[in-house]
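Chemist:
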Amino acid sequence: MEEKIRCGWCLSSDLYKEYHDQEWGTPVYDDATLFEFLILETFQAGLSWITILNKRENFRKAFDAFDYKKIANYSEDKIQELLLDSGIIRNKLKVRSAVSNAQAFIKIQEEFETFSKYIWDFTDGKPIENNPKSLKEIPATTPLSDKISKDLKKRGFKFVGSTVIYAHMQATGMVNDHIEDCWTKRK
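Read in order, the letters of the sequence shown are residues 149 to 335 in this note's numbering.
#1: If you drop the 5 nearest sequence neighbours on each side, which residues of the same chain put their C-beta closer than 8 angstroms to that of Lys240?
#2: When we look at the beta-carbon of Gly173 and count the other beta-carbons within 10 Å, is it buried (16 or more) or exposed?
#3: Below 9 angstroms between beta carbons: does that hold for Arg208 and Ile227?
#4: DSSP state of Ile236, grouped into three classes?
#5: Taking the alpha helix (DSSP H) that Trp172 falls in, what are its first and last residues?
#6: Would you list the one or two residues that DSSP bridges to Val243?
#7: Trp331 lies in the alpha helix (DSSP H); which residues open and close that run?
#8: With respect to the alpha helix (DSSP H) encompassing Leu231, which residues constitute its N-terminal and C-terminal limits?
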């Protein structure tokens with residue numbers, strides 16, 4: 149059986165390949181999924197994505213399946229419980245930011261009806277189709293990720309620098325950065 153050509157960043161594990169093949173770069177318009185990716189990306193800041201993927205199920209359990217309405221109301225006791233959970237990244241600032249980001253997420257929903265409408269408005273509701281020939285051509289940030297990052301920070305979000313936001317855009321299909329030869333480019 150012939151091996152599929154994939155983007156080079158995902159070749160180190162089957163979990164990475166599955167994530168690449170099934171999720172990365174696929175447009176997401178569902179608020180719950182957008183929130184999940186936002187939280188995972190904020191925890192990824194400064195770490196490798198495979199670290200987060202390996203702990204993803206632990207994060208789901210610890211953070212009530214990424215239910216932003218529950219997370220927005222976490223008590224100090226729940227925060228302390230999370231800080232003791234070895235199955236997740238126990239960074240105090242990141243755990244606390246998950247709570248404040250859930251609160252900011254809800255405020256955006258109140259203003260724009262859905263977070264999806266808010267975030268996708270930056271791309272006129274359509275994915276940006278890039279055609280990189282290699283991983284070297286894929287940027288870590290863009291002027292658009294700078295703009296979104298700045299706006300989210302203004303709205304109270306934490307750990308949403310431009311690099312985190314560009315990774316979120318890639319993960320949720322706002323931008324398609326699959327390399328030109330990747331089999332998913334032809335899906």
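Backbone N, C-alpha and C fix where the C-beta goes; we use that ideal spot for every residue, glycine too. These figures come from a predicted structure and were not determined experimentally.
Modeler: On the basis of the coordinates in this document:
#1: Excluding positions up to five away in sequence, the list reads Leu231.
#2: The residue in question, Gly173, is buried, as its Cβ has 16 or more Cβ neighbours within 10 Å.
#3: No; because the gap between Cβ atoms is not below 9 angstroms, this pair is not in contact.
#4: The answer is coil: DSSP assigns Ile236 none of H, G, I, E or B.
#5: Looking at the DSSP string, Trp172 is not in any alpha helix (DSSP H), and its letter there is neither H nor E.
#6: Beta-bridge partners of Val243 (DSSP): none assigned.
#7: For Trp331, no alpha helix (DSSP H) encloses it, and the DSSP letter there is neither H nor E.
#8: Judged by DSSP secondary structure, Leu231 falls within the alpha helix (DSSP H) whose first and last residues are 224-231.
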